[in-house]
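J.: Protein chains in written order, with UniProt numbering: chain F, 1 to 232; chain U, 1 to 232. The beta-carbon is built from N, C-alpha and C at its ideal position, and this holds for glycine as well. Keep in mind the model is a prediction, meaning the values are calculated, not measured.
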DNA sequence: TCAAAAGTGTTGTCCGTACACCCATGA
DNA sequence: TCATGGGTGTACGGACAACACTTTTGA
């Protein structure tokens, strides 16, 4: 290898698609931009990646600066590089996605950079116009979580730690956008043996309170080396 | 939007992981590099993406220049951006993969750029040392095609147009790295009803000649909107 | 006592798996 | 006639899908 080769750096951005679940619907976390291009538009949390940070680190930093969220594990989704996607030139973006427990965060979102005015959850079914190609990125993310959720229990990441079977079913119904049979759903979920039944019940409802469950990650890891199928 | 923003361009590379199947084993297409860094090493076909071409177009061009292969449909795999992956600085690479009919090409590979000395198929199980993080990229690609092949009939892309059921089974065995039951495999494949039985038979074998089949893409598209499962 | 959601079983069908022998062909 | 791979069927168990009523609770 030679040492007198020119030094180069990749210029590119990273974007975050963060999903949450509340009130029976899927939501995505958007920021209101305070900088050109697309000043005052809504868009995904995203920014330029520094030369000395990995892409995985960069999305974490960007998400923290844009929303105040910390320690979120994101997975890479896809890299978008359409010639027209960015008005300042062909800048590619590496998109990441994550699913998280919305109720633990609520609207306690605090941007710490001047690039962002505020961060807010938006229902997937009623998104505003978005900056860049962010609409497209979000659509690709949904396809991804649909595929993903069929093979691994990531849906639990969207629920509170303690949840009822009905909440779990509603979540799957929201992701698949179709109704599921209550008895079959419960039978199947319980058969996997990855839920721990708690002694507690739901509180504050004006009807029969449902049992609460927890996702039992230890059991899950023990039992399933390979794959599950949650899609039917 | 403002027009006096600085103009920027992403600098990055794209790499191609091309799989083929012959003699009962999976192969990957490598090039011998004729340029620094990693001059004289084997690596994946890959190079810098131009500012005015999409990433999808770039991998096609690069593959053509490096190997002479034309019209290959590749899908994006993942974007690699480790700080140490490239000796000239942190240069990210967008990796693509494809599977193709090796016997239609054979060793008729003709690089048309001085950056490459030659292109050659290498068995996946006996790879030489590779430039950059290309070993890692290939490993990720295999995981990807294993997942992919369970849900869609892309395995046919690796076989000749006309093939025997045994060849098809050997291909799945190579991808999954495990033996399958002949009767069950045939039953399952034929039940999907995506194969067209031909009137022809295998030639040039010193034992009973097997029937030849074709993948029937029309039937496939008609019957299956969603998914198949070829993995068991 | 009413409204609302929780909770619960059976049956038929399909799919996957395990398993062993005869057949056709060319050398 | 032999060696080689081609080609075939059955029986069991597990998973999925369809389907409706009773129970519990708070208001």
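#1: Go ahead and label residue 221 of chain F buried or exposed: buried means 16 or more other beta carbons lie within 10 angstroms of its beta carbon, across all protein chains shown.
#2: Return the bridge partner residues of residue 78 of chain F from the DSSP annotation.
#3: Starting from the beta carbon of residue 206 of chain F, find every residue of chain U whose beta carbon is closer than 7 angstroms, and list them in chain order.
#4: Taking 8 angstroms as the CB-CB cut-off, is residue 64 of chain U touching chain F?
#5: Under 8 angstroms, Cβ to Cβ, is there at least one residue of chain F near residue 52 of chain U?
#6: For residue 183 of chain U, decide whether its Cβ has a neighbour in chain F, counting only Cβ atoms nearer than 8 angstroms.
#7: Give the straight-line distance between the Cα atoms of residue 200 of chain F and residue 153 of chain F, rounded to the nearest whole angstrom.
#8: Taking 8 angstroms as the CB-CB cut-off, is residue 7 of chain F touching chain U?
#9: Which chain F residues are close to residue 11 of chain U, counting only those with a beta carbon under 9 angstroms from its beta carbon?
#10: Taking 6 angstroms as the limit between beta carbons, can you name the residues of its chain near residue 58 of chain F, skipping five residues before and five after?
#11: Can you give me the start and stop residues for the beta strand (DSSP E) that residue 28 of chain F sits inside?
#12: Using DSSP with H/G/I as helix, E/B as strand and the rest coil, what is residue 199 of chain F?
#13: According to the Cβ coordinates, are residue 111 of chain F and residue 118 of chain F closer than 8 angstroms?
#14: Do we get a CB-CB distance below 8 angstroms when we pair residue 82 of chain U with the residues of chain F?
#15: Using a C-beta to C-beta distance shorter than 9 angstroms, which residues of chain F count as neighbours of residue 92 of chain U?
#16: Can you check whether the C-beta of residue 37 of chain F is within less than 8 angstroms of a C-beta belonging to chain U?
#17: Inspect the beta-carbon positions of residue 88 of chain U and residue 45 of chain U and report whether they are closer than 8 angstroms.
#18: Looking only at C-alpha atoms, which of F:102, F:121, F:130 sits nearest to residue 39 of chain F?
#19: I'd like to confirm the pairing. Which residues does DSSP put opposite residue 120 of chain U in its beta bridges?
#20: Looking at the C-beta of residue 46 of chain U, does it have a partner C-beta in chain F at a distance below 8 angstroms?
#21: Counting only beta-carbon separations shorter than 8 angstroms, does residue 170 of chain U have a partner in chain F?
#22: Give the interface partners of residue 88 of chain F over in chain U, defined as CB-CB distance under 8 angstroms, in chain order.
#23: Just to make sure I have the definition right: I need the residues of chain F whose C-beta is within less than 8 angstroms of the C-beta of residue 76 of chain U. Which are they?
#24: By Cβ distance below 6 angstroms, which residues in the same chain neighbour residue 51 of chain F in space, the five residues on each side in sequence not counted?
#25: Tell me, to the nearest whole angstrom, how far the beta carbon of residue 86 of chain U is from that of residue 30 of chain U; I am working on the premise that it is less than 8 angstroms.
#26: Assuming residue 157 of chain U contacts residue 100 of chain U (C-beta within less than 8 angstroms), just tell me the rounded distance between them.
#27: Take residue 16 of chain U as the anchor and find which of U:7, U:104, U:70 has the nearest alpha-carbon.
#28: What separation, rounded to the nearest whole angstrom, lies between the Cα atoms of residue 210 of chain U and residue 135 of chain U?
#29: In terms of alpha-carbon separation, which member of U:193, U:132, U:168 lies closest to residue 181 of chain U?
#30: Residue 74 of chain U: which of U:19, U:213, U:218, U:163 sits nearest, CA to CA?
#31: The beta strand (DSSP E) that contains residue 213 of chain U, what's its start and end?
#32: I'd like to know whether the C-beta atoms of residue 198 of chain F and residue 216 of chain F end up nearer to each other than 8 angstroms.
#33: Assuming residue 155 of chain U contacts residue 25 of chain U under a Cβ cut-off of 8 angstroms, what Cβ separation, rounded to an integer in Å, is found between them?
#34: Write down every uninterrupted run of the beta strand (DSSP E) in the segment 127-170 of chain U whose length is 3 residues or greater and which is fully enclosed by it, in chain order.
#35: Going by CA-CA distance only, name the one from U:4, U:166, U:22, U:96 that's closest to residue 47 of chain U.
T.: Reading off the structure:
#1: Position 221 of the first chain, counted from the first residue, corresponds to residue 221 of chain F. Exposed: under 16 other Cβ atoms inside 10 Å.
#2: By 1-based counting over the first chain, the position of residue 78 of chain F is 78. Residue 78 of chain F pairs with F:95.
#3: Working through the first chain from its first residue, we reach residue 206 of chain F at position 206. Simply none; closest approach about 40 angstroms.
#4: As a working note, residue 64 of chain U is residue 64 in the second chain. Cβ-Cβ to chain F under 8 angstroms: no for residue 64 of chain U.
#5: Looking up residue 52 of chain U in the second chain gives position 52. Closer than 8 angstroms to some Cβ of chain F, the Cβ of residue 52 of chain U qualifies, so yes.
#6: Within the second chain, the letter at position 183 stands for residue 183 of chain U. With 8 angstroms as the cut-off, residue 183 of chain U does not count as an interface residue toward chain F.
#7: Here the question's residue 200 of chain F lines up with position 200 in the first chain. Here the question's residue 153 of chain F lines up with position 153 in the first chain. In a straight line, the C-alpha of residue 200 of chain F is about 23 angstroms away from that of residue 153 of chain F.
#8: Within the first chain, residue 7 of chain F is the residue found at index 7, counting from 1. True, the Cβ-Cβ gap to chain U drops below 8 angstroms.
#9: Indexing the second chain from 1 puts residue 11 of chain U at position 11. Correct list: 8, 9, 10, 11, 12.
#10: One-based indexing of the first chain puts residue 58 of chain F at position 58. Only 14, 49 meet the Cβ criterion.
#11: Reading the first chain from its first residue, position 28 is the one you call residue 28 of chain F. Unbroken beta strand (DSSP E) run through residue 28 of chain F: 25-33.
#12: Mapped onto the first chain, residue 199 of chain F falls at position 199. Residue 199 of chain F falls in the strand class under three-state DSSP.
#13: Locating residue 111 of chain F in the first chain gives position 111, counting from the first residue. Locating residue 118 of chain F in the first chain gives position 118, counting from the first residue. Yes, the pair counts as a contact, with Cβ atoms nearer than the cut-off.
#14: Numbered from 1 along the second chain, position 82 holds the residue referred to as residue 82 of chain U. Closer than 8 angstroms: yes.
#15: Here residue 92 of chain U corresponds to residue number 92 of the second chain, with the count starting at 1. Those are 10, 12, 49, 55, 79, 92, 94, listed as they occur along chain F.
#16: The sequence position of residue 37 of chain F within the first chain is 37, counting from 1. Yes, because at least one Cβ of chain U sits closer than 8 angstroms to the Cβ of residue 37 of chain F.
#17: What you label residue 88 of chain U is simply residue 88 of the second chain in a count that begins at 1. What you label residue 45 of chain U is simply residue 45 of the second chain in a count that begins at 1. Cβ distance not < 8 angstroms, so residue 88 of chain U and residue 45 of chain U don't count as in contact.
#18: Looking up residue 39 of chain F in the first chain gives position 39. Considering only alpha carbons, the answer is F:130.
#19: By one-based count along the second chain, residue 120 of chain U stands at place 120. U:30, per the DSSP bridge assignment.
#20: For the purposes of this step, residue 46 of chain U is identified with residue 46 of the second chain, where counting begins at 1. No, residue 46 of chain U does not count as interfacial toward chain F.
#21: As a working mapping, residue 170 of chain U is identified with position 170 in the second chain. Chain F, which has no Cβ nearer than 8 angstroms to the Cβ of residue 170 of chain U, makes this no.
#22: As a first step, residue 88 of chain F must be located in the first chain, where it is residue number 88. Result: 5, 6, 7, 8.
#23: As a working mapping, residue 76 of chain U is identified with position 76 in the second chain. Those within 8 angstroms of residue 76 of chain U in chain F are 78, 79.
#24: Here residue 51 of chain F refers to the residue found at position 51 when the first chain is read from its first residue. 9.
#25: To locate residue 86 of chain U, count along the second chain from 1; it is residue 86. To locate residue 30 of chain U, count along the second chain from 1; it is residue 30. Not quite, the Cβ-Cβ distance comes to about 18 angstroms (not below 8 angstroms), so this is no contact.
#26: Position 157 of the second chain, counted from the first residue, corresponds to residue 157 of chain U. Position 100 of the second chain, counted from the first residue, corresponds to residue 100 of chain U. Rounded, the Cβ-Cβ distance is 6 angstroms, consistent with contact.
#27: The residue you call residue 16 of chain U lines up with position 16 of the second chain. When each option's Cα is compared against that of residue 16 of chain U, the closest is U:70.
#28: Sequence index remark: in the second chain, residue 210 of chain U carries index 210 (1-based). Sequence index remark: in the second chain, residue 135 of chain U carries index 135 (1-based). Computed Cα separation, rounded: 37 angstroms.
#29: As a first step, residue 181 of chain U is located in the second chain; it is residue number 181 there, counting from the start. When only C-alpha atoms are compared, the closest one is U:168.
#30: In the second chain, counting from the first residue as 1, residue 74 of chain U sits at position 74. Among U:19, U:213, U:218, U:163, the Cα nearest to that of residue 74 of chain U belongs to U:19.
#31: Residue 213 of chain U sits at position 213 when you count from the first residue of the second chain. That run of the beta strand (DSSP E) goes 211-215.
#32: One-based indexing of the first chain puts residue 198 of chain F at position 198. One-based indexing of the first chain puts residue 216 of chain F at position 216. Taking 8 angstroms as the Cβ cut-off, residue 198 of chain F and residue 216 of chain F do not qualify as a contacting pair.
#33: Here residue 155 of chain U refers to the residue found at position 155 of the second chain. Here residue 25 of chain U refers to the residue found at position 25 of the second chain. 14 angstroms between Cβ atoms; not a contact.
#34: none
#35: As a position in the second chain, residue 47 of chain U is number 47, starting the count at 1. The residue with the shortest Cα to Cα distance from residue 47 of chain U is U:96.
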